[in-house]
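A short write-up of the structure that comes next.
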Amino acid sequence: MDKILEDKIKTYYTKYYRDSCKLPDWQERTAQRLKEDQLESTRMKEMEALLDVSFQNQRHCIIGAGTGGLAIVLEKEFGVDVYGIEPCEEEMTIIHLQCDQANIPREKFKQEPCETLSFEDNMFDIVHCFTVIEHVDDINQCLEQIIRVTKPGGKIYINTPNYAFLYERHYKIPFPTFFPKRMRTLYMKFIGKWTPFFETINFVTEKDIDQLLIKKSDIVWYRLYRPHTSAIGRFAKLWDYLRFKKNITMNQEIIIKKLTKQSKNS
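Read in order, the letters of the sequence shown correspond to residues 1 to 266 in UniProt numbering.
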């Protein structure tokens, strides 16, 4: 990674962690982003096992490609023909620099929203959608588009917060997620945590996503639940109560498989 690219990544994540999310450990988190390739390499090895596929020679799409770390790992380490979208202009600039250094054509990454994907139907073996659904303008339209561009037999991985859990994952704080929207904003201002970024968040729950997916006839899907471990810290008893007693998880992980014509008729 050259100095120009490194500085742009540092600048972007400093603004995100320090200014948008007001995290006290923003310096540590920003530094970790410079090692994103290591983190994504480990995560993708786990993903291959989870999806029971080899990524070699597959075509993937990353919804919300961020600063390009995952894309580079998939292309260079896993032999994936990788594409993606990212609506943020600043992140797209960084992705293009990443592409230039990795000899990946820039045009494989497009600056566009998930709701209006310009990719062809049935194009991708795997679609990655990590911490994106909670920010889009129209969740249902986003899901429709993701399913459309996935090949029959292909898979979609979605990871998004579960706002039935009393925690805000971006700001890393306990949060009364059951509040109406206006009260949520007032609460954030009251505790001194509000930033304009907060207004981009959709407080989606498992029920919200389930109600959308259950209406779609060309997919099968399931949720992944990781083993619970006991929480630590000031709110440990509350977290353990929600997870162990109420079975409410902080995170949503969803695997979707697009049906083939044969499987539709069987």
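Where a beta carbon is used, it is the ideal one built from N, C-alpha and C, also for glycine. All values reported here derive from a predicted model rather than from experimental measurement.
Residue i classed as buried or exposed, judged by whether at least 16 other C-beta atoms fall within 10 angstroms
{"i": "Ala49", "result": "exposed"}
{"i": "Lys258", "result": "buried"}
{"i": "Gln211", "result": "exposed"}
{"i": "Leu242", "result": "buried"}
{"i": "Tyr163", "result": "buried"}
{"i": "Met183", "result": "exposed"}
{"i": "Phe178", "result": "exposed"}
{"i": "Ala71", "result": "buried"}
{"i": "Gln262", "result": "Caution applies to Gln262, whose pLDDT of 44 falls short of 50 and renders its modelled position unreliable; the value that the coordinates give is listed next. The residue in question, Gln262, is exposed, as its Cβ has fewer than 16 Cβ neighbours within 10 Å."}
{"i": "Thr67", "result": "buried"}
{"i": "Thr229", "result": "exposed"}
{"i": "Tyr222", "result": "exposed"}
Assigned secondary structure, residue i (DSSP; H/G/I helix, E/B strand, else coil)
{"i": "Pro105", "result": "coil"}
{"i": "Asp81", "result": "strand"}
{"i": "Lys45", "result": "helix"}
{"i": "Pro196", "result": "helix"}
{"i": "Tyr225", "result": "coil"}
{"i": "Ile214", "result": "coil"}
{"i": "Tyr167", "result": "strand"}
{"i": "Cys21", "result": "coil"}
{"i": "Lys245", "result": "helix"}
{"i": "Phe119", "result": "coil"}
{"i": "Cys142", "result": "helix"}
{"i": "Phe190", "result": "helix"}
{"i": "Lys110", "result": "strand"}
{"i": "Ala231", "result": "coil"}
{"i": "Val73", "result": "helix"}
{"i": "Asp52", "result": "coil"}
{"i": "Leu34", "result": "coil"}
{"i": "Met1", "result": "coil"}
{"i": "Thr93", "result": "helix"}
{"i": "Glu28", "result": "helix"}
{"i": "Cys99", "result": "helix"}
CB-CB length for residue i against residue j, believed under 8 Å
{"i": "Phe119", "j": "Tyr83", "result": "7 Å"}
{"i": "residue 310", "j": "His128", "result": "Any answer about residue 310 is impossible in this case: the structure gives the chain only from 1 up to 266."}
{"i": "Ile209", "j": "Ile254", "result": "7 Å"}
{"i": "Lys22", "j": "Tyr167", "result": "Rounded, the Cβ-Cβ distance is 16 Å, inconsistent with contact."}
{"i": "Gln111", "j": "Glu86", "result": "6 Å"}
{"i": "Glu115", "j": "Gln145", "result": "6 Å"}
{"i": "Thr195", "j": "Asp19", "result": "7 Å"}
{"i": "Pro180", "j": "Gln252", "result": "At roughly 22 Å, the Cβ-Cβ gap does not stay under 8 Å, so Pro180 and Gln252 are not in contact."}
{"i": "Asp125", "j": "His60", "result": "7 Å"}
{"i": "Met250", "j": "Arg169", "result": "7 Å"}
Through-space distance from residue j to residue i, alpha-carbon basis
{"i": "Gly192", "j": "Leu97", "result": "36 Å"}
{"i": "Leu74", "j": "Leu51", "result": "15 Å"}
{"i": "Ala236", "j": "Tyr187", "result": "22 Å"}
{"i": "Pro174", "j": "Arg29", "result": "19 Å"}
{"i": "Asn247", "j": "Arg226", "result": "11 Å"}
{"i": "Ile95", "j": "Ala65", "result": "8 Å"}
{"i": "Cys142", "j": "Gly153", "result": "19 Å"}
{"i": "Lys3", "j": "Thr42", "result": "25 Å"}
{"i": "Asn103", "j": "Lys155", "result": "27 Å"}
{"i": "Met123", "j": "Phe55", "result": "15 Å"}
{"i": "Ile256", "j": "Glu89", "result": "29 Å"}
{"i": "Val149", "j": "Lys216", "result": "15 Å"}
{"i": "Thr185", "j": "Gly69", "result": "32 Å"}
{"i": "Met1", "j": "Tyr16", "result": "21 Å"}
{"i": "Lys264", "j": "Tyr157", "result": "No answer about Lys264 holds up, because its pLDDT of 43 lies below 50 and its placement is not dependable."}
{"i": "Asn57", "j": "Lys76", "result": "11 Å"}
Bridge partners - residue i, DSSP secondary structure assignment
{"i": "Thr150", "result": "Phe124"}
{"i": "Thr160", "result": "Gln252"}
{"i": "Arg59", "result": "Asp81"}
{"i": "Lys257", "result": "Lys155 and Val220"}
{"i": "Ile173", "result": "Glu168"}
{"i": "Cys129", "result": "Ile63 and Ile158"}
heavy atom of the ligand MG below 7 Å from residue i C-beta
{"i": "Val73", "result": "As far as ligands go, the structure on display features none, and thus does not contain the ligand MG."}
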